[in-house]
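J.: Quick one: the structure is below, questions incoming.
In UniProt numbering, the protein residues as written are 1 to 204.
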């Protein structure tokens, strides 16, 4: 379980890909995130829950299976790229964002960016299959960041980012066209799916 509060960024230092449907990437972690990690622990990379397979100091390796490569932006990363990082939450930790599973549902592209003196509004393409779950003032996980949805149109949605988010996450350097991982708020998904199922049954 994760909270969507990104703890820092790490740089990919090595990628080994023996086949198109499997790769291992190694990430150099900040000292505070690498502290007391163990093989088998979970760390979110751009919001995707990955299991540590090897530790060499503060360089940590993760295996990426076919499902991960197909449904996330991790398969397109190169050595030198960075990822948002969050260690798995522990019982008793403060939940500053919203409960996230680390199971990315899809990727979307940044369609446009509006920048002001202190704030930035980032617009994303709205995937057709996720439209029922993207609601104004609802929650969404974007590259592992727990964010409140701003406006929603038929083809786009946006989030408003404060300087802290821009400094601590990849969103400070994101640009139009970049692919972003999406995780839908599971409570929203459960409610919407239940309502749609009930309505479908009544229509029969």
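Every residue, glycine too, gets a C-beta built ideally from N, C-alpha and C. If you're wondering where the values come from, they're calculated on a predicted model, not measured in any experiment.
Relative to the C-alpha of residue 151, which residue among 164, 173, 166, 131 is closest?
T.: Locating residue 151 in the chain shown gives position 151, counting from the first residue. Closest option to residue 151, Cα to Cα, is 131.
J.: So, are the CB atoms of residue 61 and residue 21 less than 9 Å apart?
T.: Sequence index remark: in the chain shown, residue 61 carries index 61 (1-based). Sequence index remark: in the chain shown, residue 21 carries index 21 (1-based). The answer is no: Cβ separation not under 9 Å.
J.: On the DSSP bridge list, what partners appear for residue 100?
T.: One-based indexing of the chain shown puts residue 100 at position 100. Answer is 2.
J.: Look at the alpha carbon of residue 184 and the alpha carbon of residue 29, and state the distance between them as a whole number of angstroms.
T.: Within the chain shown, the letter at position 184 stands for residue 184. Within the chain shown, the letter at position 29 stands for residue 29. Each residue's Cα considered, the two are about 26 Å apart.
J.: Assuming contact is defined by CB atoms lying nearer than 9 Å, are residue 6 and residue 86 in contact in what I supplied?
T.: If you number the chain shown from 1, residue 6 lands on position 6. If you number the chain shown from 1, residue 86 lands on position 86. Going by C-beta atoms, residue 6 is nearer than 9 Å to residue 86.
J.: Given this structure, state the Cα-to-Cα distance separating residue 157 from residue 182, to the nearest angstrom.
T.: Along the chain shown, one-based indexing puts residue 157 at 157. Along the chain shown, one-based indexing puts residue 182 at 182. One C-alpha to the other measures close to 12 Å.
J.: Closest to residue 99 by C-alpha separation, out of 115, 127, 147, would be which residue?
T.: Indexing the chain shown from 1 puts residue 99 at position 99. Among 115, 127, 147, the Cα nearest to that of residue 99 is on 147.
J.: Would you please verify whether the beta carbon of residue 141 is less than 9 Å from any beta carbon of chain D?
T.: Annotation note: the requested chain D is absent from the structure, which comprises a single protein chain.
J.: How about residue 119 and residue 163: do their beta carbons lie closer than 9 Å?
T.: Counted from its first residue, the chain shown places residue 119 at position 119. Counted from its first residue, the chain shown places residue 163 at position 163. It is a contact, given that the beta carbons lie within the stated cut-off.
J.: From this set, 35, 26, 69, which residue's C-alpha is nearest residue 80's C-alpha?
T.: Counting from 1 along the chain shown, the entry for residue 80 is found at position 80. Comparing Cα positions, the closest option is 26.
J.: Could you have a look at residue 60 and say whether DSSP puts it in helix, strand or coil?
T.: Walking along the chain shown from the start, residue 60 turns up at place 60. Residue 60: strand per DSSP, three-state reduction.
J.: Quick check: what's the CA-CA separation for residue 107 versus residue 78?
T.: For this step, residue 107 is matched to residue 107 along the chain shown. For this step, residue 78 is matched to residue 78 along the chain shown. So the two alpha carbons sit approximately 17 Å from each other.
J.: Would you kindly work out how many angstroms separate the C-alpha atoms of residue 204 and residue 190, rounded to a whole number?
T.: Locating residue 204 in the chain shown gives position 204, counting from the first residue. Locating residue 190 in the chain shown gives position 190, counting from the first residue. Whole-angstrom Cα-Cα distance: 22 Å.
J.: Give me the Cα-Cα distance between residue 9 and residue 47, rounded to the nearest whole angstrom.
T.: In the chain shown, counting from the first residue as 1, residue 9 sits at position 9. In the chain shown, counting from the first residue as 1, residue 47 sits at position 47. Cα-Cα distance, rounded: 12 Å.
J.: Using DSSP bridges, identify the partner residues of residue 14.
T.: By one-based count along the chain shown, residue 14 stands at place 14. According to DSSP, which records beta bridges pairwise, residue 14 is partnered with 26.
J.: Closest to residue 177 by C-alpha separation, out of 134, 63, 122, 133, would be which residue?
T.: Walking along the chain shown from the start, residue 177 turns up at place 177. Closest option to residue 177, Cα to Cα, is 122.
J.: Per DSSP, residue 199 forms a beta bridge with which residues?
T.: On the chain shown, residue 199 is found 199 positions in, with the first residue counted as 1. Its beta-bridge partners do not exist; DSSP assigns none.
J.: Where residue 126 and residue 68 are concerned, what is the direct C-alpha to C-alpha distance, given to the nearest angstrom?
T.: Taking the first residue of the chain shown as 1, we reach residue 126 at position 126. Taking the first residue of the chain shown as 1, we reach residue 68 at position 68. When rounded, the distance between both Cα atoms is 21 Å.
J.: Quick test of your reading: residue 40 and residue 52, contact by CB under 8 Å. State the CB separation rounded to the nearest angstrom.
T.: Translated into positions along the chain shown, residue 40 becomes position 40. Translated into positions along the chain shown, residue 52 becomes position 52. So it is a contact: roughly 6 Å between Cβ atoms.
J.: Going along the chain, which unbroken runs of the alpha helix (DSSP H) with 4 or more residues stay wholly within the UniProt repeat "Lumazine-binding" (99-195)?
T.: Those alpha helix (DSSP H) runs which fall completely within the UniProt repeat "Lumazine-binding" (99-195) and span 4+ residues are 163-168.
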